[in-house]
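Numbering (my numbering), first residue to last: 1 to 195.
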């Protein structure tokens, strides 16, 4: 499977913002996806710092203490919905929100309504975790995020926010890739060592 053919296109075909990052990992795709879905993003000190910086810059109120959890569990708890999934190969999550607010509220949208969703003043965001076998025990892992505003005023607010926020968001993605690669390769080495 070509990971660029993941069905994100059917949810946001014409994004205002599209960011895609990939890496090669020496482990099978299903193992890579398991590791990626269970990665606690904020276990990475630099990622935790980025989240804290956003809180301070936006003067957000901090919710109750956060418990360590994988990215899929955490995003679902925040309100993101599952749009599509092929176990061991890809997962697509999405939500509508106003990301320029200090305390962002994510609202899940049903997969069959996501493309047509047009409530004014919102931004639809969809993101993926993707894995494709490119050789024996070798995987191309990718993450893609797309966002599109539902109206011109939301687009103006989003662009203003994105001018500065993209640096933190992109940094988080770039910090996650090597963390996932290290964890997956370590786990794969341990599993092979047991055989």
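Think of the CB as a built atom: it goes at the ideal place given N, C-alpha and C, for glycine as much as any other residue.
**Study point:** residue 112, buried or exposed, once every other Cβ within 10 Å from all chains shown has been counted against 16
**Key:** In the chain shown, residue 112 corresponds to position 112, counting from 1. Residue 112 is classed as exposed because its beta carbon has fewer than 16 other beta carbons within 10 Å across all chains shown.
Exercise for review: Within 10 angstroms of the Cβ of residue 72, are there 16 or more other Cβ atoms? Answer buried if so, exposed if not.
Suggested key: In the chain shown, counting from the first residue as 1, residue 72 sits at position 72. It counts as buried.
Exercise for review: Report buried or exposed for residue 196, applying the criterion of at least 16 other Cβ atoms within 10 angstroms of its Cβ.
Suggested key: Here the chain covers residues 1 to 195 and nothing more, so residue 196 does not appear.
Review point. In the DSSP assignment, what are the bridge partners of residue 139?
Key: For the purposes of this step, residue 139 is identified with residue 139 of the chain shown, where counting begins at 1. According to DSSP, which records beta bridges pairwise, residue 139 is partnered with 25, 133.
Point to revise | Close-in-space but distant-in-sequence residues of the same chain around residue 106 (CB under 6 angstroms, 5 per side omitted) | key: Mapped onto the chain shown, residue 106 falls at position 106. The residues are 78, 79, 80, 95, 97.
Review point. Okay, do the segment 56–65 and the segment 17–31 touch, 3+ Cβ pairs below 8 angstroms being the bar?
Key: no
Point to revise | From 142, 156, 175, residue whose alpha carbon lies closest to that of residue 148 | key: Here residue 148 is taken as the residue at index 148 of the chain shown, counted from 1. Residue 156 is the option with its Cα nearest to residue 148.
Check your understanding: Do residue 36 and residue 115 have their CB atoms nearer than 9 angstroms?
Key -> For this step, residue 36 is matched to residue 36 along the chain shown. For this step, residue 115 is matched to residue 115 along the chain shown. No, Cβ-Cβ distance for residue 36 and residue 115 is not below 9 angstroms.
Point to revise | Length of the line joining the Cα atoms of residue 59 and residue 176 | key: Within the chain shown, the letter at position 59 stands for residue 59. Within the chain shown, the letter at position 176 stands for residue 176. Taking the straight line from one Cα to the other gives about 25 angstroms.
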